[in-house]
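Q: Here it is: the structure, laid out below.
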Amino acid sequence: DLPATVTEWEHLLSLMSSQHPPNTTESTLTWDRIAVTLIDKLGTAQCCRVLSQVELPPQCLPDGFMHLVYKCSTNEASQRSACRSLLEKYDSYLWSPKLSALSPHFQHLIDRERHRKQQKRDNFIGSSVRRIVRPQCGGSVVV
């Protein structure tokens with residue numbers, strides 16, 4: 008199993024530095040593999056912190072290690088930027104006012120109901136106006 012915590016990684020690196028000199032191929036556990044796995048599991052920032060805390064033998068890390076750290080760090084930064092941008096767009100979409108989108112069938116039913124209510128209002132207003140305007144005392148209006 009791979010180390011799970013930073014302390015376990017520090018312990019593994021300390022053991023490796025005391026038991027395995029750099030650039031030996033007698034073991035399947037090499038500095039190259041440990042370095043790549045360390046970056047993969049912890050990320051570049053945490054990897055650099057762990058490596059700075061452990062006393063490593065000279066020339067133990069592979070030649071292209073710093074280049075790999077730089078590439079991975081740039082990649083992590085672009086991923087963070089893309090995630091932040093995506094979250095901002097998603098957030099603005101969620102908070103933006105939206106049109107109420109209904110299926111044409113439901114929209115027709117709602118429009119028909121509104122039309123009926125409007126007709127009822129118009130009929131009620133029309134009958135009220137006729138009652139007000141209609142003479143109350145049997146025939147002609149006296150002014």
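Using the working numbering, read the sequence shown as starting at 8 and increasing by one per residue. Quick reminder that beta carbons are idealized off the backbone N, C-alpha and C, glycines included.
1. Do you know how far the Cα of arginine 119 is from the Cα of asparagine 82?
2. When we look at the beta-carbon of alanine 89 and count the other beta-carbons within 10 Å, is it buried (16 or more) or exposed?
3. Can you give me the Cβ contacts of threonine 12 inside the same chain, cut-off strictly under 8 Å, excluding the 5 residues immediately before and after it?
4. Taking 7 Å as the threshold (beta carbon to beta carbon), is serine 85 in contact with chain B?
5. Helix, strand or coil, according to DSSP, for lysine 105 in the structure here?
6. Give the straight-line distance between the Cα atoms of tyrosine 97 and arginine 91, rounded to the nearest whole angstrom.
7. With H, G and I counted as helix, E and B as strand and the rest as coil, what does DSSP make of threonine 12?
8. Would you report the Cα separation of valine 150 and isoleucine 132, rounded to the nearest angstrom?
9. Out of Asp8, Lys127 and Lys78, which has the shortest C-alpha to C-alpha gap to glycine 50?
A: So, from the data block:
1. Locating residue 82 in the sequence shown gives position 75, counting from the first residue. Locating residue 119 in the sequence shown gives position 112, counting from the first residue. Note on geometry: alpha-carbon atoms of asparagine 82 and arginine 119 lie some 57 Å from one another.
2. Start at 1 with the first residue of the sequence shown, and residue 89 comes out as number 82. So alanine 89 ends up on the exposed side.
3. Within the sequence shown, the letter at position 5 stands for residue 12. Here the set comprises nothing.
4. Structure shown: chain B not included; a single protein chain is present.
5. Counted from its first residue, the sequence shown places residue 105 at position 98. Annotated three-state conformation of lysine 105 is coil, per DSSP.
6. Along the sequence shown, read from residue 1 onward, the residue named residue 97 stands at position 90. Along the sequence shown, read from residue 1 onward, the residue named residue 91 stands at position 84. The straight-line gap from Cα to Cα measures roughly 10 Å.
7. Position 5 of the sequence shown, counting from 1, holds the residue named residue 12. DSSP places threonine 12 outside both helix and strand once states are collapsed to three, so it counts as coil.
8. For this step, residue 150 is matched to residue 143 along the sequence shown. For this step, residue 132 is matched to residue 125 along the sequence shown. Since pLDDT at valine 150 reaches only 44, below the 50 mark, its modelled position is unreliable, and the value read off the structure follows with that caveat. Their Cα atoms are separated by approximately 25 Å.
9. On the sequence shown, residue 50 is found 43 positions in, with the first residue counted as 1. Selected option, being the one with the closest Cα: Lys78.
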